[in-house]
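**Student:**
In structure tokens form, the structure reads like this:
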């Protein structure tokens, strides 16, 4: 221990005396280790972190319906759940759950929240203890439909909406129905998955009230429940699956139509749904492999720098050996310095990971798409970072330490240049070439994403999002019928239109470019599909008479809708040309909107509509889509319980939306507004994958560029150090500084040329996977490839310059004085 402490102190002093080397090496390692720590934070949050407040998670298992080929994707009907719960012999308890958006009103205000319908034994199966009150009773689970209006609040909702006071027995309005609060869930409880924190829990017996418009409790063919059970002691997953499949065969025999080919799959309770777990694990593995490459080249760079530094310390090592130090003693000292340096890099890497986690969390959608997902640097991440730092420190410090400890005493004490080691030089050169290639691939990907973002900013979406604010609501959650719903729409629109600064207010069923759009099957006379082919399905949006004016959508011909008008549509330019032969020719033409089941028997339900206007083409689902047919149908044509209010106004959005909220509250305080945001922000959702790709790939590309520069510098610097005697002889024989520069640059240019060739080939092959994310730019865009190649070449040549300049200053008398 005394010797180890001595090595640590001497290693710290040695690193402190070489601040330039220590800083560059630590930064290189921080980039590589920090990138790995960031991705491990993501893996930890998605797959490893235990569910909080849950007892003995190892015995929990998820149950899905499965197809004969073993795919685990199906959810379970309520009758099937009851049968499996009552007849299985492998679970201590089997619980059911399903997600449902809900509206919760209390104290004169309502908000839309994440709700979870659960069976009465749900909390008992998970082993959760309430923070206050109780959970659901068995009789509340078995109560007739609608007879158990009780609710459990999340700790967050209890604290934020009720101030953490006494809420037991108080009434809250859930979807327009009174519920009595019987308990509060513990703080931090998440279920059924690590990223989901329900705000309110209600019994499955209240399904009709929690999910208005659907009554599926008795439908055996309706799969809508996820199941989670607690295995009995000693029961394996395989045994549980085999036992439940016996029950599944019994159900198939009794209900052959509904249960045909329905098996059961049992797997460990996961942090993500079982049906998407393989994709999530594959994505995490890909990210881990990418950042692993970055760490590999960072470590190789530092190993090369250690070799170059050891070449300059060879006289020190020779003196140690001459005084009796064994080769292992010298190697151990160098290995201690390596581990110490890697530990410092790991510490900086943790700080970098904290910052990178914040950057990644900035891409998390807000509003109704929000998930409770956090990237924390907890003890698992710290342990992973420490392990990576120590392991890489030993692995990549061992070879330089052993090589440096092998010293020729006579040569080293004379301070002569070391002999070359061509095999080792080729290995270091190969690492740098690979690094240049990897950096080029990452930088090209980042350049394509940036150019695509620039192109997306120039795309005309066909409407003007500036100055438009959104507010969504779902009247179906409050049990509104059509008459009440249309009256609510009318009164809210009148009040909002009267607010100061409002130019136009309008309703739309969907928000363009927000990732959600609806479609209709149509039948156009003279354009019927061939026999056996389905009718064309065209995207559409149900809007009111002020929509085109509110979003400033230009009309090329005809007119818009009148208030309350039915049986008319406005088509876009592409639909007019594709189905009617032109813009002018489309006016007055008629076609049919088909029902969901477009069969011959359902033809009597077709809705005939007339084209009264033609609007300019726009973008509807994504900014990168090709022009496609689209039409607007009047909201008066059909009633929809969920709509989004579009308000165009001059002035501040804060005061405007406060007025909208107040207007909605005056009409019905139990109707919450959701998705309150500028239209520009909603449109930006379609660019989230591209922005995330540009940030991640760009960050790794810049890291690779930095490491490539360090690698080139290290290899060339080491080469100059090992060729000092040769350079001295050349200068003594008359070589000029330009000749020496060319000699040194030749090695760097060769590495650069090979690395660029490898990188360009890899970029052409791999950037095609980005094609689906790019807008207005090709995956083989010459400008991106050329600019990145020039940038990388400039950085690599700059890294060559400093060792080359040092080589020109070699004094031949110093280099040859021992000859």
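Residue numbers (the working numbering): -9 to 809. Note that the Cβ used here is the ideal one computed from N, Cα and C, for glycine as well. Quick caveat: nothing in here was measured; it's all calculated off a predicted structure.
Tell me whether residue 148 is buried or exposed, calling it buried when 16 or more other Cβ atoms sit within 10 Å of its Cβ.
**Tutor:** Answer is buried; the Cβ neighbour count reaches 16.
**Student:** Which residue wins for smallest C-alpha separation from residue 556, given the options 602, 547 and 521?
**Tutor:** Residue 602 is the option with its Cα nearest to residue 556.
**Student:** By Cβ distance below 8 Å, which residues in the same chain neighbour residue 91 in space, the five residues on each side in sequence not counted?
**Tutor:** Around residue 91: 102, 103, 104, 105, 358, 464 and 467.
**Student:** In the structure shown, what three-state DSSP assignment does residue 647 receive?
**Tutor:** If DSSP states are grouped into helix, strand and coil, residue 647 belongs with the helices.
**Student:** For the structure I just gave you, are there three or more beta carbon pairs, one from the stretch 575 to 586 and one from the stretch 511 to 527, closer than 8 Å?
**Tutor:** These segments touch.
**Student:** Thinking C-beta only, is residue 439 closer than 8 Å to residue 127?
**Tutor:** No. Outside cutoff.
**Student:** Within 10 Å of its beta-carbon, does residue 381 have 16 or more other beta-carbons around it, so buried, or fewer, so exposed?
**Tutor:** Exposed.
**Student:** Using three-state DSSP, classify residue 719 as helix, strand or coil.
**Tutor:** Reduced to three states, the DSSP call for residue 719 is helix.
**Student:** Check whether the Cβ atoms of residue 344 and residue 320 lie closer than 8 Å to each other.
**Tutor:** Going by C-beta atoms, residue 344 is not nearer than 8 Å to residue 320.
**Student:** Assuming residue 431 and residue 701 make a contact with CB atoms under 8 Å, what is their CB distance in whole Å?
**Tutor:** With a Cβ gap of about 16 Å, residue 431 and residue 701 do not count as contacting.
**Student:** Quick check: residue 387 and residue 324, are their CB atoms within less than 8 Å of each other?
**Tutor:** Contact: yes.
**Student:** Leaving out five residues on either side along the sequence, give the residues of the same chain with a beta carbon under 8 Å from the beta carbon of residue 12.
**Tutor:** Excluding positions up to five away in sequence, the list reads 5, 6, 331 and 334.
**Student:** Helix or strand or just coil, what does DSSP make of residue 528?
**Tutor:** Strand, per DSSP.
**Student:** Quick one: complete beta strand (DSSP E) runs, 3+ long, within the stretch 182 to 215?
**Tutor:** Here the runs fully enclosed are 190 to 193.
**Student:** What is the C-beta distance between residue 747 and residue 292, in whole angstroms, given that I count them as a contact (C-beta under 8 Å)?
**Tutor:** That belief does not hold up - the Cβ atoms of residue 747 and residue 292 are roughly 26 Å apart, past 8 Å.
**Student:** Given this structure, state the Cα-to-Cα distance separating residue 72 from residue 107, to the nearest angstrom.
**Tutor:** Taking the straight line from one Cα to the other gives about 15 Å.
**Student:** Would residue 410 be called buried (16 or more neighbouring beta carbons within 10 Å of its own) or exposed?
**Tutor:** Annotation note: pLDDT 46 at residue 410 (below 50); position unreliable, no value reported.
**Student:** If we call anything under 8 Å between Cβ atoms a contact, is residue 639 one with residue 493?
**Tutor:** Yes, these two residues count as a Cβ contact at 8 Å.
**Student:** Excluding the 5 residues flanking residue 274 on each side, which residues of the same chain have their C-beta closer than 6 Å to its C-beta?
**Tutor:** 33, listed in sequence order.
**Student:** Ignoring anything shorter than 3 residues, give me the beta strand (DSSP E) runs that lie fully in the stretch 431 to 515, in order along the chain.
**Tutor:** As far as the stretch 431 to 515 is concerned, its whole beta strand (DSSP E) runs of at least 3 residues are 458 to 464, 492 to 498 and 508 to 513.
**Student:** Compute the Euclidean distance between the alpha carbons of residue 282 and residue 70, then round it to the nearest angstrom.
**Tutor:** Using only the alpha carbons, I get a separation of about 46 Å.
**Student:** Please report the residue range of the beta strand (DSSP E) in which residue 168 lies.
**Tutor:** Counting along the chain, the beta strand (DSSP E) containing residue 168 begins and ends at 167 to 174.
**Student:** Less than 8 Å between the beta carbons of residue 173 and residue 120, yes or no?
**Tutor:** Yes, the pair counts as a contact, with Cβ atoms nearer than the cut-off.
**Student:** Per the DSSP calculation, residue 622 is bridged to which residue(s)?
**Tutor:** Its beta-bridge partners are 531 and 560.
**Student:** Could you check what DSSP says for residue 745 in three-state terms: helix, strand or coil?
**Tutor:** Residue 745: helix per DSSP, three-state reduction.
**Student:** Using three-state DSSP, classify residue 40 as helix, strand or coil.
**Tutor:** The answer is coil: DSSP assigns residue 40 none of H, G, I, E or B.
**Student:** Determine the direct distance from the alpha carbon of residue 295 to that of residue 799, and round the result to whole angstroms.
**Tutor:** Whole-angstrom Cα-Cα distance: 21 Å.
**Student:** Residue 95 and residue 163: beta carbons closer than 8 Å?
**Tutor:** Yes, they are a contact pair.
**Student:** With a 10 Å radius around its C-beta and 16 neighbouring C-beta atoms as the bar for buried, classify residue 218 as buried or exposed.
**Tutor:** That one is buried.
**Student:** Taking its Cβ as the centre, do 16 or more other Cβ atoms sit within 10 Å of residue 593, making it buried, or is it exposed?
**Tutor:** Annotation note: pLDDT 44 at residue 593 (below 50); position unreliable, no value reported.
**Student:** With DSSP run on the structure shown, which of helix, strand or coil describes residue 229?
**Tutor:** Looking at residue 229 - three-state DSSP - the assignment turns out to be helix.
**Student:** What does a CB cutoff of less than 6 Å around residue 289 pick up in its chain, not counting 5 residues either side in sequence?
**Tutor:** Excluding positions up to five away in sequence, the list reads 382 and 386.
**Student:** Looking at the structure shown, is residue 95 part of a helix, part of a strand, or coil, going by DSSP?
**Tutor:** In the structure shown, residue 95 sits in a strand (DSSP, three-state: E or B).
**Student:** Grab me the residues of residue 117's own chain with a C-beta within less than 7 Å of its C-beta, minus the 5 sequence neighbours each way, in chain order.
**Tutor:** Around residue 117: 44, 45 and 46.
**Student:** In terms of alpha-carbon separation, which member of 36, 458 and 610 lies closest to residue 497?
**Tutor:** Comparing Cα-Cα distances from residue 497 to each of 36, 458 and 610, the minimum goes to 458.
**Student:** For residue 730, which residues of its own chain have a beta-carbon under 8 Å away from its beta-carbon, when the five flanking residues on both sides are left out?
**Tutor:** Once the five neighbours on either side are set aside, the close Cβ partners of residue 730 are 717, 720, 721, 794, 797, 798 and 800.
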